[in-house]
Each structure stands twice: as structure tokens, then as C-alpha cells.
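When the letters of the sequence shown are read in order and numbered with this note's numbering, they come out as residues 2 to 575. Even glycine gets a Cβ: it sits at the ideal position worked out from N, Cα and C.
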Amino acid sequence: MKNRVRLSILALPVLFVISTAGQRPADAPATAPGGKAPDTVKLEELTWAEARDLIAAGWTTVIVGTAGTEQKGPHMVDGEHKFVMDYTADKIARSVGKTLVAPIVTYVPEGSWENPGGHMGKPGTITLPEERFVDLLVNAGRSLKAGGFKKVLFLGESGGNRTGMRSAADKLNATWQGAATAYWVDDYYTKAHAEQNTYAAKLLKVADDQVGNHANILDTSELLFVAPKHIRRDRLTGNDYPNNGVSGNNQSKATPEIGKALLQIKMDLALAQIKRMMDGTEPPVAPPQAPRAGGGGGRLQNAQPRPTGPTMETAPAGLTPTKAPDTVFIDELTWEENRDAMKVGKTVFIVPTGGTEKNGYHMVLGKHNYVVTYASNLMARRLKNALVAPTIQYVPEGDPDRQNAGAISLPSPAYDLLLDAAARSLKAHGATDILFIGDSGGNQAGLTNVAAKLNEEWKGGPTRAYALTDYYEEGRVHYRAWLQAAFGYDDSVIGSHAGISDTSQMLFVHPAGVRKDRIMPWGGPKDSGVSGDPAKSTAEIGKMGIEFKVNAAINQYKLLKNPPPPRGGRPGNR
């Protein structure tokens with residue numbers, strides 16, 4: 002401690018020179034162009050200023066794709082819907098023209114956590130009750146409109162998402178009264194699946210109703226085309242045991258060529274419906290069609306808790322041994338792989354929360370998501386008994402109706418209810434420890450409130466939630482102390498947003514998310530939202546920042562899980 006103080010004192014003259022000579026000039030321009038945007042339609046890959054300039058140039062349509070985290074049979078990872086939607090939303094946006102894509106929504110209705118059945122009966126599935134799902138979509142729509150978008154297109158990969166998207170679009174249109182429009186593009190799912198079934202039935206030479214409706218030749222072929230590494234080819238055959246998560250048992254006949262054709266059917270039908278809606282020949286929210294049988298997770302709502310055993314106990318592990326790839330992310334594992342990981346002790350789950358927000362002229366909107374995903378991976382590997390849930394990209398960023406271009410806010414209580422649903426879903430599968438971490442200051446209160454509420458409800462049970470706020474708070478304290486000791490940077494130079502610390506972490510974790518030619522001393526224009534001097538950032542500094550965060554979170558978890566004995570005979574607090 003004395004050495005730290007001595008270093009700080011010795012550095013004071015240097016800091017004074019830096020602070021007085023280098024802060025943003027009073028006559029800095031109020032604003033500036035965002036610069037040439039890269040070839041992407043994804044909001045999280047754009048800076049705030051790039052999104053702002055595109056919107057001003059007429060890019061006022063945005064796609065909100067909804068996916069899911071659910072079991073997809075023994076041969077496909079639980080994130081199949083996300084990987085497919087990531088591909089199709091990009092292609093549809095480029096075909097519509099002047100259209101951007103919001104972060105894919107991965108928390109959707111998948112059934113009940115009280116009496117888990119269907120998808121929720123298998124480890125790795127996470128459900129968000131429909132009313133909470135609707136709130137998420139409504140807040141996303143409000144945020145996007147506030148940033149300048151005029152048309153919000155809801156597309157869904159799962160049948161269980163349909164009614165929630167329809168309800169959200171209706172609510173937004175009732176609020177906006179023509180100032181902006183929300184569209185429910187249901188042909189992407191319902192009509193497309195009918196045509197896909199007919200296409201596959203002809204290939205298989207069977208009746209349409211024999212094709213199946215989940216994790217079959219349709220889903221498997223699509224994933225083989227867009228992300229073949231997430232298919233377990235050795236599990237495509239020999240899986241015809243009861244309740245294996247597959248409907249159709251024809252997945253072994255899947256090919257990427259079939260997948261390409263099936264995806265084209267989806268995209269063509271979606272584009273045709275979007276055109277009709279934009280032309281005014283079809284309403285923005287069409288009457289619902291009958292979904293294919295068994296599609297999606299259904300609309301089961303969560304009532305009063307009824308005790309059930311962990312769902313992992315119901316799976317026939319002895320009949321289906323697995324060899325998982327080297328990943329800790331549950332959406333990159335099959336349900337069998339999630340089950341087997343838990344059976345050997347990986348019952349700790351990290352729930353990372355990021356954010357989609359303004360980060361200066363030089364850093365992309367998805368900064369927090371990239372950083373916290375990287376950090377949670379590192380944290381899980383160091384713990385050795387942990388898996389990682391999908392990063393929550395929709396978090397509190399203030400009033401949804403007062404957002405910057407591209408920023409998205411999910412304020413409490415909607416944010417808290419999303420965390421709550423993630424934790425309850427994981428508990429239903431046998432999780433013992435649920436670790437919430439947040440990469441943004443606005444995330445911390447919700448983590449604390451939800452963990453406290455759950456622990457009170459679960460008192461005496463095997464599962465506990467942990468709000469690891471030291472990831473953000475103590476990690477930042479140690480990071481700043483090190484920057485001061487190693488480089489002589491004081492708080493004004495380090496800053497509190499999109500400055501040295503944030504920019505350095507992105508340079509280390511995801512350098513493509515930093516526009517090096519747009520890094521300006523002190524952030525440049527007054528509207529940059531930057532605090533500190535990002536021009537001093539390096540990837541090496543960023544690596545240390547990640548280390549401080551991860552170490553602080555792990556230390557807090559260990560202390561909370563096994564608190565030291567009380568001193569002097571006083572009772573301790575747990």
C-alpha cells in the first residue's frame with residue numbers, strides 16, 4: 002500500500018501536465034461525421050455515429066430477429082435458431098435495402114420451468130415467459146424508434162415466438178399511431194415451414210405430415226449450410242430412442258445443399274410479405290396463421306412453483322454418451338452434452354450481461370457484449386466447473402424513448418424479470434450456482450436485486466444466485482490503480498466511458514470493433530460521449546483490464562460461497 006501511495010505521489014507532476022495540456026479543448030467541434038461504415042448491416046458492429054449517419058441517409062428500417070436457446074436433438078447445438086437467424090436476417094436486410102439488424106434475441110418462450118416438459122425437459126434450454134418476452138420486444142422497438150428508425154420488422158425462428166411478436170407489434174403500433182410502424186413478418190416461419198415440408202416430402206418420397214417438425218431434415222440441413230461446425234455428424238444416426246428431442250428421425254438425410262434451398266424459401270417468402278406490407282397491400286400485423294404442429298416452445302405460463310427434480314435426471318445418459326467440443330457456452334453444446342457436463346460437476350452457470358450503447362466515434366455499439374462474452378469464457382475455464390448462458394445484450398440504458406442511434410434499453414423491471422427467468426430455467430435443469438456478471442454500470446442494481454430475491458425464495462435449497470458486482474466495481478478500482486502506477490494516468494485521463502480502459506479491452510478482445518482511424522484525443526467532438534483519452538489505449542492494457550475483472554469476480558464468488566469464519570466470536574453475515 003505504501004508503495005502504491007509513493008508511486009501516486011511521484012506521478013502527480015506528470016499527471017498535472019497531462020490533465021491540463023491534453024483534455025478536450027473547449028472549442029472542440031460539437032459533432033462530426035461518423036466516417037465510412039464497414040460492410041455490415043448489424044447494429045452491434047457499427048459505431049453510434051455510423052448508425053446515426055446511415056439513418057440520416059435513409060436507413061430507417063431495422064430487423065429484430067428472435068431465435069431461442071433450446072434443445073435441438075442429440076446432433077445439433079442448443080443455439081441452432083440463433084445461428085440460422087444471424088444468417089437470414091443479414092441476407093434479408095441486404096435484400097430489402099437500407100435496413101439494419103438489431104442483436105438477435107436469444108431468450109424467448111420455451112415452456113414452463115415449474116413442470117418442465119418438451120424443450121424445457123432437456124438441459125440447456127432457457128425460457129422467457131411470453132409477457133416478459135413481449136416487454137423485451139416493446140422496449141427494443143421504442144429504443145430503435147427513438148434512435149431514428151421508422152420501420153421495425155419482427156422475424157422469428159421458433160413457433161413459440163409468434164404470438165409474442167404479434168402482440169409486441171400491436172402494442173407498438175397502438176402507441177406510435179403512425180409515427181413509426183412495427184411489422185410481424187410471420188411468413189418467414191409459418192408459410193415457409195409449410196412449403197419447406199412439401200419440398201422435403203418430395204425429396205424423401207413421404208407424405209407432408211411424415212417429415213416431422215423439430216430437429217429433423219429441415220433444421221439440420223439449414224444448420225449444415227450456415228454453421229456446419231455445430232452439427233455432431235456422429236450423432237446423426239442411431240438416435241432413435243424415446244424422447245430424444247427429434248421429430249421425424251430423418252436428420253441423417255440432411256445436406257447443406259438442401260439447407261440452402263430451405264433457407265431460400267424462408268427468405269423469399271419473408272421478402273415477399275415485407276414488400277406487400279410496405280406497399281400497403283397487406284397490413285403490418287396480419288391475422289395469425291395456424292402454425293405447423295408442434296412448432297416452438299408453446300405458451301405455457303409460469304404459475305406457483307411446484308417442486309420437480311432437475312431435468313437432467315430424466316435423460317438416458319447411459320445410452321447416449323457424448324464427447325463435447327472444447328467450449329463452455331451452452332448454446333454451442335447439444336442438450337446431451339449439456340446434460341453430461343452437469344453430471345460430471347459443471348453445475349455453475351455464468352449469466353453475462355452486456356449492452357448495446359453509444360461508445361464514441363471509434364467503438365462499436367456492441368462493445369459490452371464482446372467484452373463480457375470473452376470474460377465469461379475465461380472465467381468459466383478458470384473455475385473449471387462452469388458453463389456460460391447466452392450473453393444478455395438488452396440491458397438498462399435509460400429511458401427507451403430517449404436513446405441514441407442504435408442504442409437499445411431494457412429498463413427494470415423488464416431487465417430484472419429477464420435475469421429471473423434465466424436463473425429459474427437453469428435451476429430447473431439442476432444448476433447449483435448461478436453467477437450474474439455485468440459489463441456496464443447500469444446492469445449492477447438488477448443483478449443484486451434479482452439475486453437477493455431468488456436467494457430468499459430458494460433459502461435452504463441446493464441452488465443459490467450470486468450477483469458478482471465486483472467484476473465491474475472492484476475490477477475497475479484495481480484497473481485504475483494499475484494504470485496510475487504503471488503509466489501515471491489519473492482519473493481524468495483514464496475516464497469513465499469509452500476511454501482508455503474500454504477501448505483497450507476492445508483492442509484486446511475484438512479489435513475489429515475499434516475504428517483506429519477514428520480514435521481522437523479525448524474522444525474528439527463534444528457529442529462523442531467519451532470520458533478520458535482513448536488515444537492512449539493499447540491491447541496490452543486491455544488484457545490487464547480483463548484480468549482484473551475476471552479475478553475480482555472469481556474472488557467475490559469464492560468469498561460469498563465460503564465466507565471466512567467470524568472474528569472474535571461475532572456472528573458472520575452470509
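Let's test the definition: count the other Cβ atoms within 10 Å of the Cβ of residue i and tell me whether it reaches 16, buried, or not, exposed.
i, result
"Asp187", "buried"
"Tyr395", "buried"
"Arg307", "Note that Arg307 has pLDDT 37, beneath the 50 cutoff, so the model's placement of it is unreliable and no number is given."
"Pro288", "exposed"
"Gln178", "exposed"
"Pro564", "exposed"
"Gln506", "buried"
"Lys562", "exposed"
"Val1", "With the chain represented from 2 up to 575, any question about residue 1 goes unanswered, as that position is not in the structure."
"Arg465", "buried"
"Gly281", "exposed"
"Leu560", "exposed"
"Asn245", "buried"
"Pro1", "No statement about residue 1 is possible, as the shown extent of the chain runs from 2 to 575 and does not include it."
"Pro243", "exposed"
"Ala175", "exposed"
"Arg133", "buried"
"Phe461", "It should be pointed out that residue 461 corresponds to Gly in this sequence rather than to Phe. Label assigned to Gly461: exposed."
"Pro30", "exposed"
"Val63", "buried"
"Glu258", "exposed"
"Val199", "First, the amino acid is wrong: residue 199 is Thr here, not Val. Thr199 comes out exposed."
"Val139", "buried"
"Gln557", "buried"
"Lys324", "exposed"
Of all the options the options, which has the alpha carbon lying nearest to the alpha carbon of residue i?
i, options, result
"Trp459", "Thr449, Tyr480 and Arg425", "Arg425"
"Ala632", "Trp483, Ala513, Ile547 and Gln445", "It is not possible to answer for residue 632, since the shown part of the chain is limited to 2 through 575."
"Ala342", "Thr357, Thr539 and Val389", "Val389"
"Gly407", "Ile266, Ala31 and Ala50", "Ala50"
"Pro229", "Ser248, Pro463 and Gly260", "Gly260"
"Glu131", "Thr164, Gln197 and Leu145", "Thr164"
"Arg383", "Leu469, Val329 and Ser529", "Val329"
"Phe226", "Asp87, Asp28 and His479", "Asp87"
"Gln197", "Asn251, Asp241, Ala468 and Leu264", "Leu264"
"Ile266", "His194, Asn250, Thr323 and Asp327", "His194"
Whole angstroms is fine: what's the gap from residue i's alpha carbon to residue j's?
i, j, result
"Leu55", "Ala33", "14 Å"
"Leu419", "Tyr190", "25 Å"
"Gln485", "Ile501", "12 Å"
"Lys151", "Ile542", "40 Å"
"Pro535", "Ala202", "57 Å"
"Leu154", "Ala103", "10 Å"
"Met278", "Asp434", "47 Å"
"Gln404", "Ala540", "30 Å"
"Tyr490", "Ala169", "47 Å"
"Asn552", "Lys254", "47 Å"
"Lys550", "Leu379", "11 Å"
"Leu301", "Ala432", "Annotation note: pLDDT 30 at Leu301 (below 50); position unreliable, no value reported."
"Thr392", "Tyr473", "16 Å"
"Val135", "Ala52", "25 Å"
"Val247", "Met166", "26 Å"
"Tyr467", "Phe437", "6 Å"
"Lys544", "Tyr184", "42 Å"
"Ala271", "Gly355", "30 Å"
"Pro39", "Glu358", "18 Å"
"Asn444", "Pro284", "37 Å"
Within a Cβ cutoff of 7 Å, which residues of the same chain sit near residue i, ignoring the five residues on either side of it in sequence?
i, result
"Tyr416", "Val396, Pro397 and Gly447"
"His120", "Glu71, Gln72, Glu111, Gly112, Thr126 and Gly298"
"Tyr371", "Met507, Val510, His511 and Gly514"
"Ala423", "Tyr108, Ile127, Val352 and Ala390"
Just to confirm my understanding: we take residue i, look at its own chain, exclude 5 residues before and 5 after, and list those with CB closer than 6 Å. What are they?
i, result
"Lys99", "Gly59 and Trp60"
"Asn386", "Gly346, Lys347 and Val349"
"Gly36", "Arg519"
"Thr67", "Val106, Val109, Gly157 and Asn162"
"Gly69", "His82, Val109 and Ser159"
"Arg516", "His363"
"Glu46", "Val365"
"Asp503", "none"
"Ala90", "Ile64, Gly66 and Val102"
Tell me which residues share the same chain as residue i and place their Cβ nearer than 8 Å to its Cβ, disregarding the 5 neighbours each side in the sequence.
i, result
"His231", "Met77, Val78, Gly80, Glu81, Phe84, Leu224 and Glu333"
"Arg95", "Val42"
"Ile555", "Met380, Arg383 and Leu384"
**Asked** Is it true that the region 201-219 meets the region 228-241, where meeting means three or more beta-carbon pairs spaced less than 8 Å apart?
**Response** Of all C-beta pairs linking the region 201-219 to the region 228-241, fewer than three are shorter than 8 Å, placing the two stretches out of contact.
**Asked** If we count Cβ pairs, one from each stretch, closer than 8 Å, do we get three or more for the region 446-462 versus the region 358-374?
**Response** no
**Request:** Inspect the CB distances between the region 217-224 and the region 71-88 and report whether three or more fall short of 8 Å.
**Result:** yes
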